[in-house]
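Peer 1:
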């Protein structure tokens with residue numbers, strides 16, 4: 001017999017609920033168990049299965065220990081895989097179409113891994129990806145799920161990610177020596193373009209929009225060639241580009257919120273599943 005005991009999915013689901021809800025009572029409401037049942041599950045997990053303290057208790061509030069934080073990461077991954085197995089083998093009827101709208105930059109950076117995992121779990125679902133600016137995508141009524149960029153304080157939908165817009169240029173490009181400074185930006189419908197230009201004008205920096213494109217790949221090709229500076233979300237900048245800052249004479253830019261919009265008129269189990277994968281993929 002193996003010296004290791006198995007980690008039951010129900011126990012892990014309860015553990016994750018406690019971590020997310022901050023207490024046994026609220027977690028019990030999430031997993032539909034009594035507080036005493038939740039306590040018994042966690043006692044067994046700590047004392048019998050793992051033999052590690054997972055929680056620090058302060059009255060009714062609980063916090064994860066260092067070991068608990070480690071388990072939380074594993075538990076979420078195990079539960080995700082557990083769900084994928086059941087979805088793939090027990091839900092072969094999940095067929096149909098899901099239509100996603102997204103700006104080009106998110107399609108390049110985030111969608112490949114999201115769609116790979118989704119296809120493994122739901123191989124019979126046809127996915128349509130429509131790329132456009134956030135402003136144009138928000139006007140469309142035919143999309144099931146839409147990923148858009150919004151300024152903090154002006155959000156709609158579910159927050160996927162928050163990060164700062166940053167300046168980027170090729171190695172060796174010196175923005176102080178370029179006046180007016182050449183910019184490579186998305187087309188006029190892009191929210192970030194207005195934020196970028198406003199920041200430069202407030203600081204009195206002369207600029208000219210030298211290149212525009214709806215394609216992030218095209219913008220990065222231009223910037224990598226040393227022809228212009230761009231402003232993009234920090235997670236998108238890589239490769240041969242370097243991030244510029246105030247030490248380069250450039251102003252700090254906005255924080256941007258990446259939001260997920262759902263079309264309530266076209267709600268279905270397929271869109272719910274895809275939404276879960278999108279949320280996970282942007283973490």
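Numbering (full-length UniProt numbering), first residue to last: 1 to 283.
Here a beta-carbon is modelled for each residue, glycine too, at the ideal position from N, C-alpha and C.
So, under 8 Å CB-CB, residue 284 and residue 185 are touching, yes? Tell me the CB distance rounded to an integer number of Å.
Peer 2: Absent from the structure is residue 284, since the part of the chain shown begins at 1 and ends at 283.
Peer 1: First and last residue of the alpha helix (DSSP H) that includes residue 278?
Peer 2: That run of the alpha helix (DSSP H) goes 269-281.
Peer 1: Using CA coordinates, which residue listed in 268, 37, 283 and 9 is at the minimum distance from residue 98?
Peer 2: Considering only alpha carbons, the answer is 268.
Peer 1: Quick check: residue 170 and residue 232, are their CB atoms within less than 8 Å of each other?
Peer 2: Going by C-beta atoms, residue 170 is not nearer than 8 Å to residue 232.
Peer 1: Taking just the CA atoms, how far does residue 51 sit from residue 244?
Peer 2: Answer to the nearest angstrom: the Cα atoms are 49 Å apart.
Peer 1: Would you kindly report the start and end of the unbroken alpha helix (DSSP H) that includes residue 96?
Peer 2: From DSSP, residue 96 is part of no alpha helix (DSSP H) but of the beta strand (DSSP E) over 96-102.
Peer 1: Only counting the same chain, and skipping five residues up and downstream in sequence, which positions put a Cβ closer than 8 Å to that of residue 162?
Peer 2: If we look at residue 162 and ignore the five residues flanking it on each side, its Cβ neighbours are 152, 255, 256, 257 and 258.
Peer 1: Given residue 224, which residues of its chain have a CB within under 8 Å of its CB, disregarding the five upstream and five downstream residues?
Peer 2: Answer for residue 224: 170, 239, 240 and 241, listed in chain order.
Peer 1: Quick test of the definition: if touching needs 3 or more C-beta pairs under 8 Å, does the segment 59-70 touch the segment 105-117?
Peer 2: These segments do not touch.
Peer 1: Spell out a yes or no on whether the segment 216-230 and the segment 274-282 are touching, meaning 3 or more CB-CB pairs, one atom from each, closer than 8 Å.
Peer 2: The segment 216-230, when compared against the segment 274-282, does not touch it at the 8 Å Cβ threshold.
Peer 1: Looking at residue 132 and residue 157, is the spacing between their C-beta atoms short of 8 Å?
Peer 2: Not closer than 8 Å, so no.
Peer 1: Is residue 25 near residue 41, with beta carbons less than 8 Å apart?
Peer 2: No, Cβ-Cβ distance for residue 25 and residue 41 is not below 8 Å.
Peer 1: Using the Cβ count rule (16 or more neighbours within 10 Å means buried), how would you classify residue 271?
Peer 2: Residue 271 is buried by the Cβ-count criterion.
Peer 1: Would you please state the rounded distance, in angstroms, between the beta carbons of residue 135 and residue 189? I believe it to be under 8 Å.
Peer 2: Yes, residue 135 and residue 189 are in contact; Cβ-Cβ is about 4 Å, under 8 Å.
Peer 1: Which runs of the alpha helix (DSSP H) spanning at least 4 residues fall entirely within the segment 187-239, listed in chain order?
Peer 2: Entirely contained in the segment 187-239, the alpha helix (DSSP H) runs reaching 4 residues are, in chain order, 191-202 and 216-224.
Peer 1: Is the beta carbon of residue 28 less than 8 Å from the beta carbon of residue 16?
Peer 2: No, they are not a contact pair.
Peer 1: Could you check how far apart the C-beta atoms of residue 114 and residue 12 are, in whole angstroms? I think they sit under 8 Å.
Peer 2: Contact flag wrong, Cβ pair sits at about 23 Å.
Peer 1: Where residue 96 and residue 144 are concerned, what is the direct C-alpha to C-alpha distance, given to the nearest angstrom?
Peer 2: Each residue's alpha carbon lies about 12 Å from the other.
Peer 1: Tell me the rounded alpha-carbon separation between residue 277 and residue 125.
Peer 2: In a straight line, the C-alpha of residue 277 is about 14 Å away from that of residue 125.
Peer 1: Which residues does DSSP list as the beta-bridge partners of residue 65?
Peer 2: None; residue 65 has no bridge partner.
Peer 1: In whole angstroms, what separates the C-alpha of residue 216 from that of residue 235?
Peer 2: So the two alpha carbons sit approximately 13 Å from each other.
Peer 1: Starting from residue 166, trace the beta strand (DSSP E) both ways and give me its first and last residue.
Peer 2: Note, residue 166: beta strand (DSSP E), 158-170.
Peer 1: So what does DSSP say about residue 57, is it helix, strand or coil?
Peer 2: Note: residue 57 maps to strand in three-state DSSP.
Peer 1: For a test of the three-state rule: what should DSSP assign to residue 182, helix, strand or coil?
Peer 2: Residue 182 falls in the strand class under three-state DSSP.
Peer 1: Considering only the beta carbon of each residue, do residue 273 and residue 122 sit closer than 8 Å?
Peer 2: Yes, the Cβ-Cβ distance between residue 273 and residue 122 is below 8 Å.
Peer 1: Confirm, please, whether the CB-CB distance from residue 127 to residue 261 is below 8 Å.
Peer 2: Taking 8 Å as the Cβ cut-off, residue 261 and residue 127 do not qualify as a contacting pair.
Peer 1: Mapping the DSSP letters down to three states, classify residue 263 as helix, strand or coil.
Peer 2: If DSSP states are grouped into helix, strand and coil, residue 263 belongs with coil.
Peer 1: Do residue 251 and residue 183 count as a contact pair if the criterion is CB distance below 8 Å?
Peer 2: Contact: no.
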